[in-house]
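See below for the structure under consideration.
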Amino acid sequence: METLIALTIGLLTATGIYRLLGGTKIDVVIGIILLSQAANLTILASGGLKHGAPALLKDGVTPDSATLADPLPQALVLTAIVIGFAILAFMISLVTRSSEP
Amino acid sequence: MAEHSILIALFAPLVGAIAALPFRMRPQLAATIAIAAAAVALGASLSLIKFTATGEVLAIHVGGWSAPFGIVLVADAFSALMLVVCQLVVLAALIFGTFSLPARYHRRHLFPLILTLSLGTNGAFLTGDLFNLYVWFEVLLLSSFALMAMLRGAESRNAAWRYVVINLVSSILFLTAAGLIYGKTGTLNFAELHLRFAAAESSFLIDSSAALLFGAFGIKAALIPLAFWLPSAYPKLPPALSALFAGILTKVGLYAFYRFFGMVLTEGNSFPHREILFWVALVTMLGGVLGAVAQGDMRRILSFHIISQVGYMALALAIFTPLSLAAGIFYLAHHIIVKANLFLATGLVEKHAGSSDLAKVHGVLHSAPAIAILFAVPALSLAGLPPLSGFFAKFALLRAALTGGEWLAATMIVLVGLLTIFSMLKIWRNIFWGTPTALAETPPRPRAPLLATSSVLALLTIAIGIGCSPVLSLATQAAQGLLEPTAYLKAVLPDYAP
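Here the protein sequences line up with chains A and B, keeping their order.
Letter by letter, the first sequence follows residues 1095 to 1195 of this note's numbering.
Letter by letter, the second sequence follows residues 7 to 504 of this note's numbering.
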């Protein structure tokens, strides 16, 4: 699982940089999208990847790091996605405005 | 009680921005609200200085969650000093913008955007953890993007586009670094990170993230070779906004450099940031000033000088002695005021003569001596002539370099200082001396509030120069807080025992 995520991050970064250097403004927008997705995946993977482990505590069960996912990276990545979305909307509006006089 | 000042410094700009939002068609009302909010934030920042000047550190654990698990807002002498100086520039830019910018800026929410920008800077100075620093950076960047997007013309829009893209790349580097640091250390809190890094046995924990952060902050602070977005973007802005950007934005990047590489990362960690920063700083100092020599317009010359001066402050961090850090922090405080005022003076020249092109405008000294004086004070201070604030900043840095045995650095400090004088003299000789160019029939008299704003900043420059010792002792206290962050750790971590 870690290997797959690491390869995906690498692929996203490589493609993102390639598109970022592409020349047209749409290329740059796509490059930024791909790069920020790579950053988001990095944060998500930084908490450790566990299958079927929710970040929830149950009454009467002692918390165990083996069956419990770290909730913080999930919160961080959510924040990063929201900020990335706002920036994406702003960039696209800049691109459309640049064709106006 | 003192903790409330932290919250006021954050909430005043936010509340002001929301309150001013509905009044885009009534610029006078919006301006009044915005100026009042900025003044309240300035008052809160001044009271923070009073509390932190003795070395005390104030911390708020937001929501009652104790650090390192919750979010903390921390004010030490360094953040309080930066807050005051930046808030002064915000206030100056608001007043200058009210009386100088055309109505289309007001219609597009000029005042709320300036306030959210100041919210972002205040948050960046007060936050106690890395991820929140990222979020505050985004707050101030998005506001600055929206201000940049007000520019007209294809060339300005291309410059704004480059500014947006390079800053987004920097944000992505920052975000990746934060993710990696969390993965490796399990915390993002500055105080906790400092302890983890100090206890780290291998540099594995630090290297990759420190390198990414170096790149991210380097772009924001405009260090060569990451600085070329700046001279293409800043000269396009109207003077009120370029004063705001030039005064504050690159300095927030430098603040992050000082906070992370000066305090969080400790001496023993292996990432060679000081060696890299030393050479990068020297190249930035020289490259910036040489770039300025080749320019023929006041705005462009001054933009290149931002880069050159950023090099000085980075050099102070690279030398990394108590004296050099104090000199660097003093330099930051002095430079923010001086640089903003130079752009305001450029705005006054443009209002008076219609342009700031060195080939077109001459003899302003004869037609408007007040403007000439308002330019001369910050220009001489930038070049480092006594008794102005810049002299003491350069002098302290030079002394730190000499006592540290850094002969190359000392030589460069003097050489770049001389080139800066040359560059300021070039502006003076062309714009202010010579036969006055034919102005419009009745040259528009600069309005009193514009002159007053610039005069207040000029007086501050003189005051910091003549009575430099309180500011210098505050800077020394701030540097001490970075080098030995015991008070910081105690304030943030409830169960910390040295």
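C-beta: ideal position from N, C-alpha, C; glycine also.
Since we're looking at a predicted model, the values are computed, not measured.
{"Item": "Backbone CA spacing between ALA1100 (chain A) and SER1140 (chain A) [nearest angstrom]", "Value": "11 Å"}
{"Item": "Neighbour list for TYR188 (chain B) in chain A, Cβ cutoff strictly below 8 Å", "Value": "ILE1137, SER1140, GLY1141, LEU1166, PRO1167, LEU1170"}
{"Item": "Whole-Å CB distance - LEU388 (chain B) paired with MET430 (chain B), under 8 Å assumed", "Value": "7 Å"}
{"Item": "Bridge partner(s) assigned by DSSP for ASN195 (chain B)", "Value": "B:ASP135"}
{"Item": "Backbone secondary structure at LEU391 (chain B) - three-state DSSP", "Value": "coil"}
{"Item": "Three-way DSSP call (helix, strand, coil) for ALA320 (chain B) in this model", "Value": "helix"}
{"Item": "Nonlocal neighbours in the same chain, by C-beta distance under 6 Å from PRO74 (chain B), ignoring five residues either side", "Value": "THR193, ASN195, GLU198"}
{"Item": "Chain B within 8 Å of VAL1122 (chain A), Cβ atoms only", "Value": "yes"}
{"Item": "Identified DSSP bridge partners for ALA81 (chain B)", "Value": "B:LEU64"}
{"Item": "The stretch 312–324 of chain B in contact with the stretch 216–231 of chain B per 3-pair CB rule at 8 Å", "Value": "yes"}
{"Item": "Beta-carbon gap between LEU488 (chain B) and TYR264 (chain B) smaller than 8 Å", "Value": "yes"}
{"Item": "Interface residues of chain B facing LEU1150 (chain A) [CB-CB closer than 7 Å]", "Value": "What LEU1150 (chain A) touches in chain B: nothing, since even the nearest Cβ is about 17 Å away."}
{"Item": "Beta carbon proximity, ALA155 (chain B) to chain A, threshold 8 Å", "Value": "yes"}
{"Item": "Residues near TRP235 (chain B) in its chain [Cβ-Cβ closer than 6 Å; skip 5 each side]", "Value": "ARG168, TYR169, ILE172"}
{"Item": "Member of B:ALA332, B:ARG305, B:ALA233, B:PRO245 whose CA lies at the smallest distance from the CA of GLY294 (chain B)", "Value": "B:ALA233"}
{"Item": "Nearest-angstrom Cα separation, counted from ALA204 (chain B) out to PRO278 (chain B)", "Value": "15 Å"}
{"Item": "Boundaries (first-last residue) of the alpha helix (DSSP H) holding MET430 (chain B)", "Value": "413–433"}
{"Item": "Stretch pair the stretch 107–119 of chain B + the stretch 54–65 of chain B: three plus CB contacts closer than 8 Å", "Value": "no"}
{"Item": "Bridge-paired residues (DSSP) for ASP303 (chain B)", "Value": "B:ASP363"}
{"Item": "Per-residue contacts from ALA1174 (chain A) into chain B (C-beta, under 7 Å)", "Value": "LEU181"}
{"Item": "C-beta atoms of ALA346 (chain B) and VAL95 (chain B) nearer than 8 Å", "Value": "yes"}
{"Item": "Contact with chain B by PHE1179 (chain A), beta-carbon distance below 8 Å", "Value": "no"}
{"Item": "Interface partners of ARG113 (chain B) on chain A, CB under 9 Å", "Value": "Simply none; closest approach about 16 Å."}
{"Item": "Pick from B:ALA130, B:GLY126, B:ILE178 that is closest to ILE1111 (chain A), judged by C-alpha positions", "Value": "B:ILE178"}
{"Item": "Interface partners of ILE178 (chain B) on chain A, CB under 7 Å", "Value": "LEU1129, SER1130, ALA1133"}
{"Item": "Under the three-state DSSP convention, the category PHE326 (chain B) falls into", "Value": "coil"}
{"Item": "Residue range of the unbroken alpha helix (DSSP H) whose run includes ASP1121 (chain A)", "Value": "1119–1140"}
{"Item": "C-beta contact flag for ALA246 (chain B) and LEU148 (chain B) at 8 Å", "Value": "no"}
{"Item": "Neighbourhood of LYS242 (chain B) by C-beta distance below 7 Å, restricted to the same chain and skipping five residues each side", "Value": "LEU157, SER162, ALA165"}
{"Item": "Any C-beta of chain A under 8 Å from that of GLY505 (chain B)", "Value": "Given a span of 7 to 504 for chain B in the structure shown, any question on residue 505 (chain B) remains unanswerable."}
{"Item": "Alpha helix (DSSP H) segment containing GLU1096 (chain A), residue limits", "Value": "1096–1114"}
{"Item": "Residues that ALA163 (chain B) contacts on chain A, provided the C-beta gap is smaller than 7 Å", "Value": "According to the sequence shown, residue 163 (chain B) is Arg rather than Ala. Ordered by position in chain A, the residues that pass the 7 Å Cβ test against ARG163 (chain B) are SER1192."}
{"Item": "Minimum Cβ-Cβ distance from VAL316 (chain B) to chain A less than 8 Å", "Value": "no"}
{"Item": "Given 8 Å, three or more beta-carbon pairs between the stretch 456–475 of chain B and the stretch 333–348 of chain B", "Value": "yes"}
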